[in-house]
Amino acid sequence: ELERCTSTDPVVTPDTPDRRVAEILASYDMVAVGVCDEAGHLLGAVTIDDVLDRMLGVGWRARHRRVESAS
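Counting the sequence shown from 1 gives a position; my numbering is that position plus 21.
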């Protein structure tokens, strides 16, 4: 049942700090993790790209591409 979060899979809440989400993704070698409310209902997912954008700023990809093309 996709609407419910399980106790066996790593999940986060909307209040989980970005760094902790990154740690969970890295520890479990995941590219996404479910976001659940306190009742265990699935609200959505956070991807590794979402975490990078939040931690490095939305413009980091464009800046990185400019550096690569200049070298």
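Every residue, glycine too, gets a C-beta built ideally from N, C-alpha and C.
All figures in this text were calculated on a predicted structure; none of them were measured in a lab.
Check                                                                              : Outcome
Endpoints, beta strand (DSSP E) assigned at Val67                                  : Leu63 to Thr68
Coarse secondary structure for Ala60, derived from DSSP in three states            : coil
Asp39: first and last residue of the uninterrupted alpha helix (DSSP H) it sits in : Asp39 to Ser48
Nearest-angstrom Cα separation, counted from Leu73 out to Ala81                    : Correcting the residue identity first, residue 81 is Trp in this sequence and not Ala. Looking at the two C-alpha atoms, the distance is approximately 9 Å.
Neighbour-count burial assignment, Val54, 16 or more Cβ in a 10 Å radius           : buried
CB-CB length for Gly65 against Cys26, believed under 8 Å                           : Not confirmed; about 11 Å, so no contact.
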